Amino acid sequence: MQIQYHLPREGNEVDVEFDEKNAFFVLSEYKMVCRLVEGNYPSYNSVIPTNNPNKFTIDRIEFLNTLKRVSVFSNQASNLVKLQLNGNQLTVSAQDIDFSISAYERLNCQYEGEDMEIGFKSTFLMEILSNLSTNDIVMELSDPTRAGLILPSAPEKEEEDILML
Numbered sequence: 575m576q577i578q579y580h581l582p583r584e585g586n587e588v589d590v591e592f593d594e595k596n597a598f599f600v601l602s603e604y605k606m607v608c609r610l611v612e613g614n615y616p617s618y619n620s621v622i623p624t625n626n627p628n629k630f631t632i633d634r635i636e637f638l639n640t641l642k643r644v645s646v647f648s649n650q651a652s653n654l655v656k657l658q659l660n661g662n663q664l665t666v667s668a669q670d671i672d673f674s675i676s677a678y679e680r681l682n683c684q685y686e687g688e689d690m691e692i693g694f695k696s697t698f699l700m701e702i703l704s705n706l707s708t709n710d711i712v713m714e715l716s717d718p719t720r721a722g723l724i725l726p727s728a729p730e731k732e733e734e735d736i737l738m739l
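Residue numbers for the sequence shown follow my numbering, so the first one is 575 and each next one is one higher.
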């Protein structure tokens, strides 16, 4: 996702070339090489959860800033943060047992569903939230052992961006 900051914004041409093993993207100042992988593309539709009864809506920037503060106290190897949903409140917490440190913050959200706790890698959550542009996001969850969806509250376009974590 960081590549977007190095690409020209508008009006520049991109030449796309292929050979047997690579795809080349030639821009005015950069040439990117992507290795082509043989095999079948994963059936991503089968891993995207469709029945997600637990949904919360929250301010994207507030959530992102909370993750940045709390994740400092997470284990540096795992970057794990715990999201605890209870009523209309989201508690974001992290701990590093090796250094006996922990932190938590509570945020207000609009939540529909059962009370639950679920863990995520904070770096992935922050990356996703940093690349969305809507004020609010919707997070849809089925249960703590399954994948979840992070969606803009008001989609700006018809396209989907899929990031498998």
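We put the beta carbon where it would ideally sit given N, CA and C, even for glycine.
A quick note: this is a predicted structure, and the numbers were derived from the prediction, not measured.
For the stretch 594-654, the continuous beta strand (DSSP E) assignments of 3+ residues that do not extend past its boundaries occur at 596-600, 605-609 and 628-633, in sequence order. Beta-bridge pairing by DSSP links Glu591 to Phe598.
Ranked by Cα distance from Gln669, the options Pro718, Leu659, Ala651 and Asn682 are led by Ala651. Sorting Cys683, Phe599 and Asn614 by C-alpha distance to the C-alpha of Arg634 places Cys683 at the top. Leu659 is positioned such that its CB atom lies closer than 7 angstroms to that of Met690. Taking all protein chains shown into account, Phe592 has fewer than 16 neighbouring C-beta atoms within 10 Å of its C-beta and is therefore exposed. The straight-line gap separating the alpha-carbon atoms of Arg643 and Lys595 is approximately 43 angstroms. Residue environment for Thr640: buried (at least 16 other C-beta atoms within 10 angstroms of its C-beta). Ser696 sits in a helix when the DSSP states are folded into three classes.
If the five residues before and after Asn653 are omitted, its C-beta is found closer than 7 angstroms to the C-beta atoms of Ser645, Lys695, Ser696 and Thr697, all from its own chain and listed in chain order. Listed in chain order, the non-local C-beta contacts of Asn649 below 6 angstroms within the same chain comprise Asp670, local neighbours out to five positions each way being set aside. DSSP lists Ile632 and Pro726 as the bridge partner or partners of Ile711. Its Cα nearest to that of Val712, the residue Ile724 stands out among Ile724, Ile702 and Pro718. Less than 7 angstroms divides the Cβ of Ile692 from the Cβ of Pro718.
DSSP places Leu664 in the strand class (E or B) of the three-state scheme.
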